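Protein chains in written order, with the UniProt record's numbering: chain A, 1 to 292; chain B, 1 to 352. Using N, Cα and C, we set each Cβ at its ideal position, and we do this for glycine too. Just so it is clear, the structure is predicted and the values come from calculations on it, not from any experiment. Before any comments, here is the structure.
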């Protein structure tokens, strides 16, 4: 009797275990399915971009992924067009300078807001954060008026100045500096470093993942920026790559194969930046999320 | 080496005063330990000496000079933090050498200093490692090395052993003491652990609620506590404290017993507290000071602590480790007259 009871208990425990296992594997299957669908949704436009860049104009509206008559003529055309190289260097220059400025200024402001106590600190922080809620489209008008007043229209400075420091970057860096123990800074203070040296020598290396994440965010954001560069530039020489690519759309038709070719080439730097720093970007996003 | 003096040192945060006029003179080469419970102001005092906290009133002198308005780096002190504060992105060599960054020494001189310090602290083989490749004790030694390399006038230690396990803490305690004997610098050491204070200090400063309760050698604070707080804070387990009232030649205790004490300094009906350290209250044969029933025993090896119910109060007494009493036994507790401490029940001050 006792033995059969034990047997029954053991049977029911084992069936419970297998049912739990089944549920777990079902949940995992659904999770994978959703991730797969998400992955497809993300990657399809890129595949179409690459596919279109290898097509002749007559085949563009044929939605097959593999071109019937693949060609590299689009690449030859775009790369031989002198304007493309100019737009590429404009974008590279602007994205690089903006990234450097953001890394320096956002971290400096974030550090001060995090590690120093002074009257109005909280108000300043809230004021900076509140700018995150204003859409770019609304800011474009005052930016334009400023650019026009100061003679910055159609200049590098005009394109760059709104993005040299961002509220998001400041917030991100402030959150990261929270993780740096004050003891580190105080130890450096006792060792004779001034405040700027402490920021640069002690605090900055300790938030390197955040700096890398911020650099990637800013670089990608500026590399792909469209509305503001379109508004502030007049001459084709000052165009950035996304703006320049629109010139392939003429009145009669849109030359999709050339636009896609330009877009494909323009993803190369972002791809390199992302592949090199992807572990930082993930850590940066995770930590910003945790601390936020 | 140098002297450190605190004169009427006050610290306030807004309307809240946390240090109430601290006066302390630390001699050159002395090892002084500030000890007290959390929130007593010991770390604040240390940070004010370091220059990391503003001084609300009073002054601090290091080597005779008032340093109130000096930056930390101008005070020629070095500090070791509870969390080590060694930089994770730098090697041990760079961490130790960090204190010399602003020094005018040549590179060779700096290297020689780093090598000398790492030799003293037995870190020579670890110089190229990063902190995450070190044990807790090694990290603490690196932190001490960074402090030593500058050859400061005084070392400040802010609970540096709190993050170490018990065994390592004992070992580091010994190492720091040896280091002090070797280099002879003035050391101000903050801890909440009275064992650390007793074992390391030349003098102990016991603090509570922003006031100094007593300054004295480990012997003095243990055998001649200035008040009930010191008597109970120093020594483990805490001193037994029994309230009583002076009746003629004896003190009638609130546990229903009485003790005979020299009462020349006491007045009739004066309320007092009678203190007896557990290791001075012995479980022995024959009629003693009290007798009571053993409720709990704690064997410690050589000795056994016996929790004995005397009247309504429980006292801790020391019994033999080899033949301890059993729970439920009625035992006699003996104490030498000189082991009895008397305190004023109202002020808490010692009556001597």
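Quick one: what does DSSP say residue i is sitting in, helix, strand or coil?
i, result
"residue 162 of chain A", "helix"
"residue 178 of chain A", "coil"
"residue 60 of chain A", "coil"
"residue 278 of chain A", "helix"
"residue 54 of chain A", "coil"
"residue 168 of chain B", "helix"
"residue 261 of chain B", "coil"
"residue 36 of chain A", "helix"
"residue 79 of chain B", "strand"
"residue 1 of chain A", "With a pLDDT of 47 at residue 1 of chain A, under the threshold of 50, the modelled position of this residue cannot be trusted, and the question is left open."
"residue 82 of chain A", "helix"
"residue 133 of chain B", "helix"
"residue 221 of chain B", "helix"
"residue 56 of chain B", "coil"
"residue 199 of chain B", "helix"
"residue 31 of chain B", "strand"
"residue 292 of chain A", "Confidence at residue 292 of chain A is low in this model, with a pLDDT of 30, below 50, so the placement of that residue is unreliable and no value is reported for it."
"residue 234 of chain B", "coil"
"residue 249 of chain A", "strand"
"residue 118 of chain A", "coil"
"residue 255 of chain A", "coil"
"residue 286 of chain B", "coil"
Out of the options, point me to the one whose CA is closest to residue i's CA.
i, options, result
"residue 250 of chain B", "B:76, B:203 and B:289", "B:289"
"residue 334 of chain B", "B:229, B:326, B:277 and B:197", "B:277"
"residue 78 of chain A", "A:255, A:275 and A:160", "A:255"
"residue 96 of chain B", "B:50, B:121 and B:204", "B:121"
"residue 199 of chain B", "B:182, B:210, B:178 and B:184", "B:178"
"residue 143 of chain A", "A:228, A:244 and A:236", "A:228"
"residue 74 of chain B", "B:51, B:214 and B:56", "B:51"
"residue 297 of chain B", "B:325, B:19 and B:259", "B:325"
"residue 264 of chain A", "A:225, A:85 and A:46", "A:46"
"residue 63 of chain B", "B:161, B:139, B:182 and B:77", "B:77"
"residue 273 of chain B", "B:48, B:280 and B:232", "B:232"
"residue 86 of chain B", "B:349, B:53, B:139 and B:135", "B:139"
"residue 68 of chain B", "B:31, B:41 and B:11", "B:11"
"residue 304 of chain B", "B:187, B:112, B:327 and B:191", "B:327"
"residue 14 of chain B", "B:24, B:56 and B:6", "B:56"
"residue 207 of chain B", "B:5, B:4, B:3 and B:24", "B:24"
In chain order, what residues of the same chain have a beta carbon less than 8 Å from the beta carbon of residue i, not counting five sequence neighbours either side?
i, result
"residue 312 of chain B", "254, 255 and 256"
"residue 166 of chain A", "102, 106 and 218"
"residue 89 of chain A", "none"
"residue 319 of chain B", "282, 283, 297, 303, 304, 305, 306, 325 and 331"
May I ask which residues mark the beginning and end of the alpha helix (DSSP H) holding residue i?
i, result
"residue 224 of chain A", "Note, residue 224 of chain A: premise wrong, no alpha helix (DSSP H); not H, not E."
"residue 143 of chain B", "136–148"
"residue 97 of chain B", "92–97"
"residue 277 of chain B", "Element bounds for residue 277 of chain B: n/a, residue is neither H nor E."
"residue 241 of chain A", "241–245"
"residue 107 of chain B", "107–120"
So, at 6 Å on beta carbons, what are the nonlocal neighbours of residue i in its own chain, with the 5 sequence-adjacent residues on each side left out?
i, result
"residue 329 of chain B", "294"
"residue 161 of chain B", "169 and 172"
"residue 260 of chain A", "49, 52 and 53"
Is there at least one non-hydrogen atom of the ligand COA closer than 6 Å to the beta-carbon of residue i?
i, result
"residue 225 of chain B", "In the structure on display, the ligand COA does not appear, and there are no ligands present to speak of."
List the endpoints of the continuous beta strand (DSSP E) containing residue i.
i, result
"residue 207 of chain B", "203–208"
"residue 152 of chain B", "Residue 152 of chain B -> no beta strand (DSSP E), and no H or E assigned at all."
"residue 299 of chain B", "290–299"
"residue 13 of chain B", "4–13"
Who are the Cβ neighbours of residue i in its own chain at under 7 Å, not counting the five residues just before and after it?
i, result
"residue 114 of chain B", "93, 96, 97 and 149"
"residue 16 of chain B", "none"
"residue 147 of chain A", "153, 158 and 232"
"residue 284 of chain B", "332 and 334"
"residue 299 of chain B", "321 and 324"
"residue 91 of chain A", "223, 240 and 241"
"residue 203 of chain B", "30, 32, 215, 216 and 217"
"residue 87 of chain A", "239, 240, 241 and 244"
"residue 136 of chain B", "163, 164 and 168"
"residue 117 of chain B", "96, 145, 148 and 149"
Comparing the C-beta of residue i with each C-beta of chain E, is any distance below 7 Å?
i, result
"residue 132 of chain B", "Absent from the structure: chain E. Protein chains present are A and B."
Practice item. Using a Cβ-Cβ cut-off of less than 9 Å, give me the residues of the region 87–107 of chain B that come near chain A, in sequence order. Key: Residues 87, 88, 89, 90, 98, 99, 100, 101, 102 and 103.
Review point. Name the residues in the region 59–76 of chain B whose C-beta lies less than 9 Å from a C-beta of chain A; which are they?
Key: Within the region 59–76 of chain B, the qualifying residues are 71, 72, 73, 74 and 75.
Check your understanding: What are the residues of the region 212–239 of chain A that lie near chain B, defined by any Cβ-Cβ distance shorter than 7 Å?
Key -> Taking 7 Å as the upper bound on Cβ-Cβ separation, chain B lies near no residue of the region 212–239 of chain A.
Check your understanding: Residues in the region 95–124 of chain A with C-beta within 7 Å of chain B's C-beta atoms, listed in sequence order?
Key -> None of the residues of the region 95–124 of chain A has a beta carbon lying less than 7 Å from any beta carbon of chain B.
Check your understanding: For the region 179–195 of chain A, which residues have a CB atom closer than 8 Å to at least one CB atom of chain B, in sequence order?
Key -> If the cut-off is 8 Å between Cβ atoms, the region 179–195 of chain A has 181, 183, 184, 186, 187, 188, 189, 190, 191, 192 and 193 near chain B.
Review point. What residues in the region 180–209 of chain B bring their beta carbon closer than 8 Å to a beta carbon of chain A?
Key: So the list is empty, because no residue satisfies the distance condition.
Check your understanding: Which of the residues in the region 249–272 of chain A, read from start to end, lie with their CB under 9 Å from any CB of chain B?
Key -> Answer in chain order: no residues at all.
Practice item. Give the residues from the region 159–171 of chain B that approach chain A closer than 7 Å (Cβ to any Cβ), ordered along the chain. Key: Answer in chain order: no residues at all.
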